[in-house]
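Chemist: My questions will all concern the structure given below.
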Amino acid sequence: MCLEARAELMVGAQLCTDDPVRLREQLLMLLNAPGGVIVVATLDERVDGLLLARIVGPGPFTDAVVLTLESLYVRQSARRRGLGHALLLAAVDIADQAGALEVFASPLPGARGMHRFLAQAGFAPAAAHRVVTTAALARRLTQDPVTSAGAGRRSSRHGLEDLIARRRQARAREEDPLAPVAATGTHGARQARMSISMQVTRAVQSRRPPSSSTVTS
4 MCLEARAELM
14 VGAQLCTDDP
24 VRLREQLLML
34 LNAPGGVIVV
44 ATLDERVDGL
54 LLARIVGPGP
64 FTDAVVLTLE
74 SLYVRQSARR
84 RGLGHALLLA
94 AVDIADQAGA
104 LEVFASPLPG
114 ARGMHRFLAQ
124 AGFAPAAAHR
134 VVTTAALARR
144 LTQDPVTSAG
154 AGRRSSRHGL
164 EDLIARRRQA
174 RAREEDPLAP
184 VAATGTHGAR
194 QARMSISMQV
204 TRAVQSRRPP
214 SSSTVTS
């Protein structure tokens with residue numbers, strides 16, 4: 004049944020392995036692990052439903068005990084016949100016996116039917132997980148150009164200067180569409196600052212009285 008559930012989901016690889024021998028070993032490990040739970044539901048003497056769960060807690064940072072549903076699956080041919088409801092009732096009994104005040108479920112992305120079923124049963128969104136392979140994370144961090152806090156601040160400052168320069172160019176084009184477009188980027192921002200500095204210098208010089216009009220006593 005686990006293999007059927009895996010084949011039904013687009014991201015079934017996140018549910019379990021496709022190796023029957025390895026899958027059997029993993030199920031035995033779950034069953035023998037502290038807090039491991041496996042519940043099956045039968046219909047006409049055939050196993051058509053499966054619940055994999057774990058009792059988690061208390062831990063080093065919390066005294067709470069919760070029941071985590073790792074997988075809940077009912078064969079397509081046996082759906083809408085109460086098996087999912089019966090499996091959740093079994094989960095409630097297990098949670099009560101363990102003193103678990105909450106039941107967590109982690110349906111896989113794309114399992115829209117399971118999401119709807121859990122929502123109808125009263126499950127509410129609790130948290131979102133993000134996942135990345137170790138190799139991909141190491142590769143991304145190695146290629147990241149920002150290697151220090153100082154580099155990050157310099158990058159942010161240059162980005163702000165570029166944004167200011169582009170806004171000035173946009174305003175200039177609105178006022179004079181025929182005006183030449185200045186260079187963008189950090190080099191363009193540097194040129195803009197030099198141009199402003201030169202304009203300020205010329206303005207100060209124009210306000211100074213000519214040397215011939217200076218009065219001496």
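For our numbering, add 3 to where a residue sits in the sequence shown, where the first one is 1. Quick reminder that beta carbons are idealized off the backbone N, C-alpha and C, glycines included. All values reported here derive from a predicted model rather than from experimental measurement.
Which whole-angstrom value describes the C-beta separation of residue 77 and residue 69, a residue pair presumed to lie in contact below a C-beta threshold of 8 Å?
Modeler: Incorrect: roughly 23 Å between the Cβ atoms, too far for contact.
Chemist: On the DSSP bridge assignment, give the partners of residue 108 in chain order.
Modeler: In DSSP, residue 108 forms a bridge with 72.
Chemist: May I have the straight-line CA-CA distance separating residue 82 from residue 74, to the nearest angstrom?
Modeler: 16 Å
Chemist: The beta strand (DSSP E) with residue 1 in it runs from where to where?
Modeler: The question about residue 1 has no answer, for the chain in this structure spans 4 to 220.
Chemist: For residue 57 and residue 93, what's the separation of their Cα atoms in angstroms?
Modeler: 13 Å
Chemist: If residue 39 and residue 46 are in contact, beta carbons under 8 Å, what's the gap, nearest whole angstrom?
Modeler: In fact, because the Cβ distance is near 24 Å, the residues do not count as touching under 8 Å.
Chemist: Got a sec? Which residues, its chain only, sit under 8 Å from residue 66 by beta carbon, not counting five neighbours each side?
Modeler: 60
Chemist: Which residue or residues does DSSP assign as beta-bridge partners of residue 39?
Modeler: 57
Chemist: Pull up the distance between the alpha-carbon of residue 106 and that of residue 173, whole angstroms please.
Modeler: 56 Å
Chemist: Going by C-alpha distance, which of 48, 163, 79 and 55 is nearest residue 29?
Modeler: 55
Chemist: Do residue 129 and residue 89 have their CB atoms nearer than 8 Å?
Modeler: In this structure, residue 89 does not lie closer than 8 Å to residue 129 by Cβ.
Chemist: State the Cα-Cα distance for the pair residue 115 and residue 49, rounded to the nearest angstrom.
Modeler: 25 Å
Chemist: How many angstroms separate the CA atom of residue 26 from the CA atom of residue 145?
Modeler: Spanning the two alpha carbons is a distance of roughly 35 Å.
Chemist: Roughly how many whole angstroms lie between the Cα atoms of residue 85 and residue 91?
Modeler: 10 Å
Chemist: Would residue 121 pass as a contact of residue 131 if the rule is Cβ separation under 8 Å?
Modeler: no
Chemist: Give every residue of the same chain whose Cβ lies closer than 7 Å to the Cβ of residue 42, excluding the five residues on either side of it in the sequence, and list them in chain order.
Modeler: 54, 90 and 93
Chemist: Is residue 110 buried or exposed, if buried means 16 or more other CB atoms sit within 10 Å of its CB?
Modeler: buried
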